[in-house]
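Student: Would you mind keeping the following structure in view while I ask a few things?
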Ligand SMILES: Cc1ncc(C[n+]2csc(CCOP(=O)(O)OP(=O)(O)O)c2C)c(N)n1
Ligand code: SF4
Ligand SMILES: [Mg+2]
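Residue numbers (our numbering), protein chains in the order written: chain A, 22 to 366; chain B, 123 to 717.
This is the structure:
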């Protein structure tokens, strides 16, 4: 046997392989697999203990992917469009766990639109990823609600209804963390995912994730080629973990920093234009302008670290509810007596 | 004229939302203060203000808690329904009406009438701002005069309605006195109905089923509550929140050991409850028919992936919006086999607040022990009406969290798998994410076909084996589900009922000479005794509150060989079931036999 090089390990002593799970059953080249890889990379880099993560999903090709990343984490593959409610319940039951919600554009923008909207209003701490391909992959290529009107199907038909921009909607709903990325751009997606993990609130990421089988043809606005040609971003993100010392070469005014709840930082190096994601008006106008030009804006679009999370506004104990025992939960002897007395006639 | 003491019903008709509810409650409470086990039913419309509402208070020597079909005293104080109210009253009924309305005298023919100029008398209330509300108290005074209810009892009733607000109590009392004085000055008693203090209540309490169920949930250790408003279930979650804030101990930082979320709809409510149950917390959601319908798909997931949670269905009249403020037991078949695919949900069938408390508390043990959604089947009558019942009883058992795959358990078991039937009872060992840390523990819970180790599988054998195990697990629950209660009669005929139907049955049987054996079913799947009961009786009448005889159908399905013995009798008009209905049903059955 030849001598093997010891595999690289992270601060937990885990190798990248420890963050993988079952073999993917996605079509070869499917954008969703690239997102799974980015999640694995981000968690490996961050040194996340997989056992502190819960993977929540709905139904669709995208929602199947939790089976293909973080094999040490438990997960719940729920019903179509209902991931947000299952994730909210699981989150409230155990604040120690970090939920990653994976959904599709069908799952979130159609059947689950109500839950998507109310999840944002509620602002639980979790990462919410929509793997957006403009089609229903799993049911074989019907248009989804994020399909652009000018984007024909493989058979040359056009959607008859206006498309929904989930980032625009999330902004409108007051989401505290709104980002868009592309499954073909790990350099951008990985730091955004890391920032999302470090965020105490709902971190929403719309990831353009081409469906190679039903929506990667010429003319499609959700294809690899289209995103490469029309995707624009205003900054390069770098993620700096708490206590990490990284020197980035920069010129004055070139860098913006977002300090996240756990002390980590997302450093944004400005590209062509000024866009301050902390300013909602800037986020809105950037999104509008790019859309009008037929471009697809990616990157961290908006962040607001001040918004209180669901757990905070609920006055919920930091000690997870799942760890509370009978002595904590059942009222002491005598309390029922008092209640009975109050019901006496 | 011989006096009729403590045996009458008073029916009060008023427009909804006019504040008459307070007056009605005061009359009811004053009777209770006299030691009478008075019962009150609130027949209210689906409306905030304006539509007719009726409140019926019954006093009976037996202290029965059912609504009588007829009444002896009527207060037709809703101009929109006075004609109908009078037409529906039997000759000889005592009528207290508003003489300011100038209703034709002929309308009162055959009645014992006490006309009261309520509008004119109301002008005697000094406080102009409160006059419209206080006006209702005038009829309280008239009724107190009529039935010889001591003013002291009225005052005490006011004190329970407005605790600690002496000034308000005074204002209300003086308004009531206006009616009382008018009646004593202007009327001589022409009817026999009167009251006398008695000791019908004893140590018992007055509570509605929703509040009792809410308290049961707190004693059961619920910590994640998700709900969406719907009559008649709302007050369950609302009472739960009210009580849990006060009586659940806070943590050392003063933070809550519970969370209540008002969800965006019932799909989300049950999703949150299931998510929390999956994560290892005791969770619940409460709803009524329309919400139960919406929960179908997610409950199927809960059944198939074996997630504990508790669902409260406070049934109302369907289908669709139906009669949303009236009572029925009409979700039985739907819930028993809720969701698509082959499912079977355990149902608890409480009949009174005591059971609402104990079964609600027990539901959390059942859900966790058997790793399944458990459905608590109440109804509007139980949930929203007040009942005199025994004090709520402290649970005698500790939490049973069932089989948890802790790290030690996984290490001990030769091969752990989320859905492995290690003990041969169909119940697997469940994990708690973040608590179970053993490297073999991680798995993905999925609603698609899965094998013993929770891996995706489309194998016909694996799928069938899994489904059979779950079915076996659910059937096995009977050992822990509330047993049916048998009340032996003369044994020729059998009678089966469940839930609030029990009150009418009990009352009907009390004054019958020859009574059937009566079995009150308290849960589904059925205990062996239920099958035996069918076997031991040639004919078994099943009385229930829905059109299709849903319990009768469930019984026929479970015991097809005995289905021919079942005689289904149903009432589905939405009013609380009367003892008379039961009497007539039994009467008709014995006539058939005699033929
Ligand atoms: C209630 C319900 N309706 C319909 C379906 C069928 N269905 C399965 S996946 C899917 C669409 C998935 O699309 P998307 O969320 O975009 O995921 P993708 O496959 O594109 O990743 C539909 C309609 C279902 N599973 N459940
Ligand atoms: S159908 Fe499309 S979305 Fe589904 S796996 Fe294949 S490429 Fe991916
Ligand atoms: Mg899709």
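The beta carbon of each residue, even a glycine, is placed where N, CA and C say it ideally should be.
Return the CA-CA distance between residue 98/A and residue 84/A, expressed in angstroms with no decimal places.
Tutor: Cα to Cα, residue 98/A sits roughly 7 Å from residue 84/A.
Student: Report all residues from its chain with a CB closer than 8 Å to the CB of residue 192/A; omit the five preceding and five following residues, and keep chain order.
Tutor: The residues are 199, 301, 304, 305, 308, 322, 323.
Student: Determine which residues of the stretch 327-354 of chain A have a Cβ less than 9 Å from any Cβ of chain B, and write them out in chain order.
Tutor: Those would be 331, 332, 335, 336, 337, 338, 339, 340, 341, 342, 343, 344, 345, 346, 347, 348, 349, 350, 351, 352, 353, 354, in chain order.
Student: Using a beta-carbon distance cut-off of less than 7 Å, what residues from the stretch 323-342 of chain B approach chain A?
Tutor: Listed in sequence order: 323, 327, 328, 329, 337, 340, 341.
Student: Check whether the Cβ of residue 139/A lies closer than 8 Å to any Cβ atom in chain B.
Tutor: It does; some Cβ of chain B falls within 8 Å.
Student: If we cut at 8 Å on Cβ distances, does residue 520/B have a partner in chain A?
Tutor: Yes, residue 520/B lies at the interface with chain A (some Cβ there is under 8 Å from its Cβ).
Student: Compute every distance between the C-beta of residue 381/B and the non-hydrogen atoms of ligand 3, then say whether any falls below 7 Å.
Tutor: Outside the cutoff, so no.
Student: Of the choices 78/A, 144/A, 102/A, whose alpha-carbon is the least far from that of residue 326/A?
Tutor: Looking at the Cα atoms, 144/A is the closest of the given residues.
Student: Determine the direct distance from the alpha carbon of residue 46/A to that of residue 126/A, and round the result to whole angstroms.
Tutor: Going by the C-alpha atoms only, they are around 19 Å apart.
Student: I believe residue 164/B touches residue 180/B by the beta-carbon criterion, under 8 Å. Please report the beta-carbon distance rounded to the nearest angstrom.
Tutor: Rounded, the Cβ-Cβ distance is 13 Å, inconsistent with contact.
Student: Which residues in the same chain have their Cβ closer than 6 Å to the Cβ of residue 62/A, if we skip the five residues on either side of it in sequence?
Tutor: The residues are 211.
Student: In whole angstroms, give me the CA-to-CA distance for residue 96/B and residue 117/A.
Tutor: With chain B covering 123 to 717 only, the question about residue 96/B has no answer from this structure.
Student: Have a look at residue 148/A and residue 137/A and give me their C-alpha separation to the nearest angstrom.
Tutor: If you take the alpha carbons of residue 148/A and residue 137/A, they lie about 12 Å apart.
Student: From the DSSP output, in three-state form, read off residue 412/B for me.
Tutor: If DSSP states are grouped into helix, strand and coil, residue 412/B belongs with the helices.
Student: Quick one: which chain B residues come within Cβ less than 8 Å of residue 86/A?
Tutor: Within chain B, no residue comes near residue 86/A; the closest Cβ sits about 11 Å away, beyond 8 Å.
Student: Using a beta-carbon distance below 8 Å, is residue 113/A in contact with chain B?
Tutor: Closer than 8 Å: yes.
Student: Going by DSSP, which residues form a beta bridge with residue 257/A?
Tutor: Residue 257/A is bridged to 290/A.
Student: Select from the stretch 527-541 of chain B all residues with a C-beta closer than 8 Å to any C-beta belonging to chain A, and list them in chain order.
Tutor: Residues: none.
Student: Mapping the DSSP letters down to three states, classify residue 185/A as helix, strand or coil.
Tutor: Coil, per DSSP.
Student: Would residue 103/A count as contacting chain B if we go by Cβ distances under 8 Å?
Tutor: It does; some Cβ of chain B falls within 8 Å.
Student: Taking 7 Å as the cut-off, does the CB of residue 165/A come closer than this to any heavy atom belonging to ligand 1?
Tutor: Yes, the Cβ of residue 165/A comes within 7 Å of a heavy atom of ligand 1.
Student: If you draw a straight line from the C-alpha of residue 115/A to the C-alpha of residue 41/A, how long is it?
Tutor: Roughly 24 Å separates the two Cα atoms.
Student: In the stretch 556-642 of chain B, which residue ranges form an unbroken alpha helix (DSSP H) of at least 4 residues, counting only runs that do not cross its ends?
Tutor: 582-597, 623-632, all fully within the stretch 556-642 of chain B.
Student: Between residue 411/B and residue 502/B, what straight-line distance do the alpha-carbon atoms span, to the nearest angstrom?
Tutor: Computed Cα separation, rounded: 11 Å.
Student: Would you mind working out which of 364/B, 441/B, 277/B, 563/B sits nearest residue 533/B, comparing C-alpha positions?
Tutor: When each option's Cα is compared against that of residue 533/B, the closest is 563/B.
Student: Determine the direct distance from the alpha carbon of residue 214/A to that of residue 699/B, and round the result to whole angstroms.
Tutor: Going by the C-alpha atoms only, they are around 60 Å apart.
Student: By the three-class DSSP mapping on this structure, what secondary structure does residue 277/B have?
Tutor: Helix.
Student: Please confirm whether residue 360/A has its beta-carbon closer than 8 Å to some beta-carbon of chain B.
Tutor: It does: the Cβ of residue 360/A has a partner Cβ on chain B nearer than 8 Å.
Student: Residues in the stretch 178-205 of chain A with C-beta within 9 Å of chain B's C-beta atoms, listed in sequence order?
Tutor: Against chain B - using a Cβ distance shorter than 9 Å - the stretch 178-205 of chain A contributes no residues.
Student: Below 8 Å on the Cβ atoms is my guess for residue 312/A versus residue 206/A; work out the distance and round it to an integer in Å.
Tutor: Not quite, the Cβ-Cβ distance comes to about 19 Å (not below 8 Å), so this is no contact.
Student: Is the Cβ of residue 75/A closer than 8 Å to any Cβ of chain B?
Tutor: Yes, its Cβ sits closer than 8 Å to a Cβ of chain B.
Student: Using only the heavy atoms of ligand 1, determine whether one of them is closer than 7 Å to the beta carbon of residue 125/A.
Tutor: Indeed, a heavy atom of ligand 1 lies less than 7 Å from the Cβ.
Student: According to the neighbour-count rule (16 or more other Cβ atoms, all chains shown, within 10 Å of its Cβ), is residue 440/B buried or exposed?
Tutor: Its Cβ being crowded by 16 or more others within 10 Å, residue 440/B is buried.
Student: Relative to ligand 2, is the shortest distance from any of its heavy atoms to the C-beta of residue 154/A smaller than 7 Å?
Tutor: Yes - ligand 2 has a heavy atom lying nearer than 7 Å to the Cβ of residue 154/A.
Student: At what residues does the beta strand (DSSP E) containing residue 278/A begin and finish?
Tutor: Residue 278/A -> beta strand (DSSP E) spans 276-280.
Student: By a C-beta neighbour count over all protein chains shown, 10 Å radius and 16 as the cutoff for buried, is residue 183/B buried or exposed?
Tutor: Residue 183/B is exposed by the Cβ-count criterion.
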